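> Dropping the structure in here first, questions after.
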Amino acid sequence: MKKSIALIALTSTMLFVGCKNESAEREKIAQANIDSYSKTWELVINEGKVDVLDTAYAPEIVLHTVPEIKGIAKAKAYYAYFVTGFSNRKFIVKEIFASGDKLTKYWQFKGTHTGDFMGIPATGKTINVEGCTIARMVNGKIVEERDFMDNMDFMKQLGLLK
Numbered sequence: 006m007k008k009s010i011a012l013i014a015l016t017s018t019m020l021f022v023g024c025k026n027e028s029a030e031r032e033k034i035a036q037a038n039i040d041s042y043s044k045t046w047e048l049v050i051n052e053g054k055v056d057v058l059d060t061a062y063a064p065e066i067v068l069h070t071v072p073e074i075k076g077i078a079k080a081k082a083y084y085a086y087f088v089t090g091f092s093n094r095k096f097i098v099k100e101i102f103a104s105g106d107k108l109t110k111y112w113q114f115k116g117t118h119t120g121d122f123m124g125i126p127a128t129g130k131t132i133n134v135e136g137c138t139i140a141r142m143v144n145g146k147i148v149e150e151r152d153f154m155d156n157m158d159f160m161k162q163l164g165l166l167k
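Sequential numbering from 6 applies to the sequence shown in the numbering used here.
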């Protein structure tokens, strides 16, 4: 009987330690993803280093926009519009958190529309928009992003809508 109790106690302890180690590992991966993801957008938008996406994105990256964008080359071209279309760019990650392979960031983007932006000629208008991105990372690479922002407000700030 004592051996059975000891075996049960040992098994329970091993399960607890195993779960705790798995949880710690998931937290470590989540924090590494947050650090990498935050640094990527600091470099890409604020510093204009769009080529960082060559190593930050997985080859099969999907941006859930309209239309949907697939692949690194098209995703880089999409974000290059923000870099070439706006001067005085400031991308601020206001809050970010992760769980497993998913991240959510709440952000703010400010800039002056001084260049072509997705076919829209420069308006000289200053914009200030906030949004949220849900992303998924696998093995340290961004594989999927879904951005949410008020596009109507963005167009109004550009002077394209009233």
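Where a beta carbon is used, it is the ideal one built from N, C-alpha and C, also for glycine.
Given the structure is predicted, the values throughout are model-derived calculations rather than measurements.
1) Ordered along the chain, which non-local residues of its own chain (more than five positions away) have a Cβ less than 8 Å from that of GLY164?
2) Please say whether PHE87 and ILE50 have beta carbons closer to each other than 8 Å?
3) Should ALA80 and ILE66 be called a contact, given that it needs their Cβ atoms to be closer than 8 Å?
4) Kindly indicate which three-state DSSP category LYS115 falls into: helix, strand or coil?
5) Have a look at ALA29 and LYS95 and give me their C-alpha separation to the nearest angstrom.
6) Run through the DSSP bridge pairs and tell me what ARG151 is partnered with.
7) Along the beta strand (DSSP E) that carries LYS167, what are the first and last residues, could you check?
8) Could you work out which residue in ALA61, LEU48, GLY53, GLU47 is closest to ARG141 when comparing CA atoms only?
9) Going by Cα to Cα distance, which pick from PHE159, PRO64, SER43, LYS54 is closest to PHE3?
10) Under a Cβ-count criterion, where at least 16 other Cβ atoms within 10 Å of its own Cβ denotes burial, should ALA91 be classed as buried or exposed?
11) Between the Cα of GLY124 and those of LYS33, ALA85, VAL134, PHE114, spot the shortest distance and give me the residue it belongs to.
12) Whose CA, out of LYS146, ASP152, LYS44, lies closest to the CA of PRO64?
13) Taking all protein chains shown into account, decide if LEU166 is buried (16 or more other Cβ within 10 angstroms of its Cβ) or exposed.
14) Where does ALA80 fall in DSSP's three states?
15) Between ASP155 and GLU73, what straight-line distance do the alpha-carbon atoms span, to the nearest angstrom?
In this structure, then:
1) Start at 1 with the first residue of the sequence shown, and residue 164 comes out as number 159. Closer than 8 Å at the Cβ level, and outside the excluded window around GLY164, lie THR128, LYS130.
2) Start at 1 with the first residue of the sequence shown, and residue 50 comes out as number 45. Start at 1 with the first residue of the sequence shown, and residue 87 comes out as number 82. In this structure, PHE87 lies closer than 8 Å to ILE50 by Cβ.
3) By 1-based counting over the sequence shown, the position of residue 80 is 75. By 1-based counting over the sequence shown, the position of residue 66 is 61. It is a contact, given that the beta carbons lie within the stated cut-off.
4) By 1-based counting over the sequence shown, the position of residue 115 is 110. LYS115: strand per DSSP, three-state reduction.
5) Indexing the sequence shown from 1 puts residue 29 at position 24. Indexing the sequence shown from 1 puts residue 95 at position 90. Their backbone Cα atoms lie some 34 Å apart in a straight line.
6) As a position in the sequence shown, residue 151 is number 146, starting the count at 1. Beta-bridge pairing links ARG151 to HIS69, ILE139.
7) Position 162 of the sequence shown, counting from 1, holds the residue named residue 167. Unbroken run through LYS167: none, as it is neither H nor E.
8) Here residue 141 refers to the residue found at position 136 of the sequence shown. ARG141 has its Cα closest to that of ALA61, out of ALA61, LEU48, GLY53, GLU47.
9) Past the boundaries of the shown model lies residue 3; the chain is included only from 6 to 167, so the question cannot be answered.
10) In the sequence shown, residue 91 corresponds to position 86, counting from 1. Before going on, a small fix: residue 91 reads as Phe here, not Ala. Flag for PHE91 reads buried.
11) Start at 1 with the first residue of the sequence shown, and residue 124 comes out as number 119. Of LYS33, ALA85, VAL134, PHE114, the residue nearest in Cα terms is ALA85.
12) Working through the sequence shown from its first residue, we reach residue 64 at position 59. Checked all of LYS146, ASP152, LYS44; the closest Cα to PRO64 is LYS146.
13) Sequence index remark: in the sequence shown, residue 166 carries index 161 (1-based). That one is exposed.
14) Here residue 80 refers to the residue found at position 75 of the sequence shown. Helix, per DSSP.
15) Locating residue 155 in the sequence shown gives position 150, counting from the first residue. Locating residue 73 in the sequence shown gives position 68, counting from the first residue. Rounded to whole angstroms, ASP155 to GLU73 spans 18 Å at the Cα level.
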